[in-house]
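Notes follow once the structure below has been shown.
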Amino acid sequence: MSLGTVAVIGGGIIGCLVARRIVHEHPASTVLLLDRDQVGCGASRRSAGLHFPRGTTERVRRMSEYSQEFYEKLRAERPAVPIHPVGMSLVSRADHDELERIYARPVRRDDAPAALDACGAEVRVPPSTSVWDVPGAQYADVQRLVQALVSELRPRVDVREGVRVTALEPDEGGVRLGLGTGERLAVDRVVLAPGPWLGEPAWAERVAPLGARVKRIVALHIEHPADEKDRAVVLHDEDAFLLPLAYRGHWLFSYTCQDWDVDPDRVGVGLAAHDVEQARACLGRYAPSLASRCTTGRVFCDAYSTSRQPLLRRLDPDGRVVFAGAANGSGYRLAPAIAAEAVQLIDQSVKGSLR
Ligand SMILES: Cc1cc2nc3c(=O)[nH]c(=O)nc-3n(C[C@H](O)[C@H](O)[C@H](O)COP(=O)(O)OP(=O)(O)OC[C@H]3O[C@@H](n4cnc5c(N)ncnc54)[C@H](O)[C@@H]3O)c2cc1C
29 MSLGTVAVIG
39 GGIIGCLVAR
49 RIVHEHPAST
59 VLLLDRDQVG
69 CGASRRSAGL
79 HFPRGTTERV
89 RRMSEYSQEF
99 YEKLRAERPA
109 VPIHPVGMSL
119 VSRADHDELE
129 RIYARPVRRD
139 DAPAALDACG
149 AEVRVPPSTS
159 VWDVPGAQYA
169 DVQRLVQALV
179 SELRPRVDVR
189 EGVRVTALEP
199 DEGGVRLGLG
209 TGERLAVDRV
219 VLAPGPWLGE
229 PAWAERVAPL
239 GARVKRIVAL
249 HIEHPADEKD
259 RAVVLHDEDA
269 FLLPLAYRGH
279 WLFSYTCQDW
289 DVDPDRVGVG
299 LAAHDVEQAR
309 ACLGRYAPSL
319 ASRCTTGRVF
329 CDAYSTSRQP
339 LLRRLDPDGR
349 VVFAGAANGS
359 GYRLAPAIAA
369 EAVQLIDQSV
379 KGSLR
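As numbered in the numbering used here, residues 29 to 383 make up the sequence shown, in order.
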C-alpha cells in the first residue's frame, strides 16, 4: 500500500531508518528526507554508537532485541557497514535476578577477578561486585552508517540536505511545509525525527506537550590503542562504560552527565572543566591510572522522555505528523525499532483515513 508522499524531517539514524523502511515496506510511496545539515551530522555524528541488548522495561527490551536482529541482518547482507562486534564485560553489585531482567542472556563469571584489563590498565572490581559477560554487543560509526544507508536510498528518496524546515502545518488535506530556501511543499504525511532539536520554531509548540527534555551527553577519549580483540567494560551501577573504538584507534569513556535543558546549537563547543572533573571522579573509582588520561572527548546532547522510553506519537488529530525520537541516549541502539513503530503509526493513520 502506498503511504502517499511522506516527508521525513531529520536525517539522523532514526530518520534515515524511517525513510529506508518506507522504501522497503511501501515502495509505491514517495519519500523525501529533509535535513538542515548534512545527513548524520546531528547527535548521530557524536554518538559512541554502542549497542548492547538491554532494557529496564519490557517494551525497551523488545525494541532492543528487534534492533539487534536488524543490525545483525544488515551486517550479514553488507559486511562493509561500519558496525563492529565487541566483547563486553559488565561489572555490577546488582543481584542475579535484576541483571537477568535487564540484559539478554548475561553470563556470570565464576572466577570473580579482582580487576579487568581495559585500555592498558586495571579496572578494579570492587568487593561484593560481580563480573558478567554480555553477548551480542557491537558499536558503530553512526555517522558513516547513516551516510552509507542514505547513499543507497538516493535513487529512491528525494534527499534534501542543507534545507531547514521552518514551518509545519497539518490540516485534513495534508501537511504544508515551509523551508528555509523559501520553497513550500505539500505532502501527505510527515515523520518528525529531529533528535535534540525539539525547540525548532516549526514544531516546538506541537512537541512541548510530550514533555521531552534535552540533556547534555559527554564522553571522554583516552589515547590508548584499541583493537578488535579488546573488550568493552560496562560499569552498570554508574551508568558508564569504557569502549575500545578500534576504527578510531583510541578508547572512549562514557559517563552520565546531568546537565539538562541544553540547546543543541550551543552545546557542541567542547569539553568544560566540570565535564572532565566528573568523568575523572567516576572513572577514578575503578581505574585511577586512566582517570588522569581523560583530557579530550566529545560533547553533544540528546532528547530524553519522562518515561525513559522512546516516544512515538501522533502530533495532530488526523495522525498525519508522527514524532519519532526522545531515545534517551540510546538512539543508535533502538533506531531500527523506533523506525518500525513510526512507519506502523503512519500506516495505521493511512488505513484509518481510507475507512
Ligand atoms: C556523545 C554521545 C554519545 C552517545 N552514545 C550512544 C551510544 O553509545 N549508543 C546509543 O545507542 N546512543 C548513543 N547516543 C545517542 C544517539 O547518538 C542518539 O540518540 C541518536 O543519534 C539520535 O538520532 P536522531 O536521528 O534522533 O537524531 P540526530 O542524529 O540528531 O538527527 C536529527 C537531525 O534533524 C535535523 N534537523 C533538526 N532540525 C531541523 C530542521 N528544522 N529542519 C531539517 N532538519 C532538522 C538535524 O540536522 C539532525 O541531522 C550518544 C549521543 C551522544 C551525543
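Virtual Cβ for every residue (Gly too), placed ideally from N, Cα, C.
Please list the terminal residues of the continuous beta strand (DSSP E) segment that includes residue 94. Taken as a continuous stretch (DSSP letters only), residue 94 belongs to no beta strand (DSSP E), being part of the alpha helix (DSSP H) at 86-105.
Can you list the alpha helix (DSSP H) stretches of 4 or more residues lying completely in the segment 45-79, in chain order? 71-74
Classify residue 257 as helix, strand or coil using the three-state DSSP reduction. coil
Any contact between the segment 331-348 and the segment 234-248? By contact I mean 3 or more CB pairs, one from each, below 8 Å. yes
Just how far apart, CA to CA, sit residue 381 and residue 113? 43 Å
Bridge partner(s) assigned by DSSP for residue 111: 168
Selected residue, minimal CA-CA separation from residue 259, among 80, 362, 126 and 54: 80
Quick one: which unbroken alpha helix (DSSP H) runs of 4-plus residues sit fully inside the segment 126-173? Chain order, please. Restricted to the segment 126-173, not a single alpha helix (DSSP H) segment is unbroken, complete and at least 4 residues in length.
With DSSP run on the structure shown, which of helix, strand or coil describes residue 197? strand
Three-state class that DSSP yields for residue 355 in the structure shown: coil
Between the alpha carbons of residue 32 and residue 184, how many angstroms are there, rounded? 14 Å
Alpha carbon to alpha carbon, how far is residue 153 from residue 356? Give it in angstroms, no decimals. 28 Å
Taking all protein chains shown into account, decide if residue 369 is buried (16 or more other Cβ within 10 angstroms of its Cβ) or exposed. buried
Within 6 Å: the Cβ of residue 315 and any heavy atom of ligand 1? no
Do residue 178 and residue 67 have their beta-carbon atoms positioned less than 7 Å apart in this structure? Going by beta carbons, residue 67 and residue 178 fall inside the 7 Å limit.
Could you spell out where the beta strand (DSSP E) holding residue 272 opens and where it closes? First-last of the beta strand (DSSP E) with residue 272: 268-273.
Inter-residue spacing [alpha-carbon to alpha-carbon] between residue 212 and residue 231: 16 Å
Can you list, in chain order, the residues of its chain whose CB lies under 7 Å from that of residue 374, leaving out five sequence neighbours each side? 31, 34, 217, 219 and 350
Between the segment 163-178 and the segment 318-327, are three or more C-beta pairs nearer than 8 Å? No, because fewer than three Cβ pairs between the segment 163-178 and the segment 318-327 fall closer than 8 Å, the two stretches do not touch.
Ignore the nearest five residues each way along the sequence and tell me which others in residue 175's own chain have a CB closer than 6 Å to its CB. Setting aside the 5 residues that flank it on each side, residue 175 is surrounded in the same chain by 68, each with a C-beta closer than 6 Å to its C-beta; the list follows chain order.
Quick check on this structure: which residue in 235, 294, 196 and 271 has the alpha carbon closest to the alpha carbon of residue 208? With distances taken between Cα atoms, residue 208 lies closest to 196.
Which of helix, strand or coil does DSSP assign to residue 228? Reduced to three states, the DSSP call for residue 228 is coil.
Just to check my reading of the structure: residue 353 and residue 42 have Cβ atoms closer than 8 Å, yes? What is that Cβ distance to the nearest angstrom? 6 Å
Taking 6 Å as the cut-off, is the C-beta of residue 279 nearer than that to any heavy atom in ligand 1? No, the beta carbon of residue 279 sits no closer than 6 Å to any heavy atom of ligand 1.
Extent of the continuous alpha helix (DSSP H) run through residue 264: No alpha helix (DSSP H) contains residue 264, which DSSP labels as neither H nor E.
Determine the closest residue to residue 1 out of 244, 291 and 275, with distance taken between C-alpha atoms. A query on residue 1 cannot be resolved here, the shown segment of the chain reaching from 29 to 383 and no further.
Report all residues from its chain with a CB closer than 8 Å to the CB of residue 142; omit the five preceding and five following residues, and keep chain order. If we look at residue 142 and ignore the five residues flanking it on each side, its Cβ neighbours are 152 and 153.
For ligand 2, I want to know if residue 225 counts as a neighbour, meaning its beta carbon is within less than 6 Å of at least one of the ligand's heavy atoms. Questions concerning ligand 2 fall outside what the structure shown contains, since the ligands it does hold are ligand 1.
Distance between residue 159 and residue 137 (C-alpha atoms, nearest Å): Each residue's CA atom was taken as its position, placing residue 137 and residue 159 some 6 Å apart.
Could you tell me which of 61, 73 and 83 sits nearest to residue 365, measuring between CA atoms? 83
Curious, which full-length alpha helix (DSSP H) runs of at least 4 residues does the segment 295-337 contain? 301-312 and 316-319
Where residue 192 sits in the DSSP three-state scheme: coil
Quick check on residue 120: buried or exposed, where buried means 16 or more other Cβ atoms within 10 Å of its Cβ? buried
Between residue 378 and residue 29, which are expected to be in contact by the criterion C-beta below 8 Å, what is the C-beta distance as a whole number of angstroms? 7 Å
Residue 70 burial status per 10 Å Cβ neighbour count (16 or more: buried): Result: buried.
Between 336, 367 and 39, which has its C-alpha nearest residue 186's C-alpha? Residue 186 has its Cα closest to that of 39, out of 336, 367 and 39.
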